[in-house]
Structure formats: structure tokens, C-alpha cells
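**Student:**
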Amino acid sequence: MSDDVYLQLLSIFALRLRTELLAQLYGRMLARYRAIPEATRKLVGNDDAQLAALTMVAHAMLNLDETITRE
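Under this note's numbering, the first residue of the sequence shown is numbered 540, with each subsequent residue one higher.
#1: Taking the beta carbon of Glu610 as the centre, do at least 16 other beta carbons fall within 10 Å, making it buried, or is it exposed?
#2: By how many angstroms is the C-alpha of Ala588 removed from the C-alpha of Tyr545?
#3: How many angstroms separate the CA atom of Gly566 from the CA atom of Ala578?
#4: Thinking C-beta only, is Ala591 closer than 8 Å to Leu582?
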């Protein structure tokens, strides 16, 4: 995961632990979507496992407490 993406999304630098966790998530999701092409096609409409894994990482980042605005 690029630190630039994290910075652009949240306007803060990622902590090393957060970056490592997101990288681990990407690795797990990539393995899953490579192993289950049907799930990949269902998520992204083609066989691109990398796109599916990155989609899930983006989804996780958008659901971080730091990303969600509360009033």
C-alpha cells in the first residue's frame, strides 16, 4: 500500500502498524481472489485478482474510524 494513498485519503501519515496491517490484508485478499476466480468476477466483473484485492483494501481504508466523519 502506498503511504501517499493513505495521506491523500486521511490527510495524515500512516503509522507503521497500520501500513503493515493493510499490507497483510492485501496479501490475504490477493491469495483469496487468486484461489477463487468466481469471487473475483463477482466483485470486479473480471479475473483481475489484484484489482479485487486492492478494492477490498480501499474498502477497509474507507471504513477506518479516521475516515468516517461524525457529528
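The C-beta atom is built at its ideal place from N, Cα and C for all residues, glycine as well.
**Tutor:** Short version:
#1: Confidence at Glu610 is low in this model, with a pLDDT of 47, below 50, so its placement is unreliable and the value that follows should be read with caution. With fewer than 16 Cβ atoms within 10 Å of its Cβ, Glu610 is classed as exposed.
#2: 21 Å
#3: C-alpha of Gly566 to C-alpha of Ala578: approximately 16 Å in a straight line.
#4: yes
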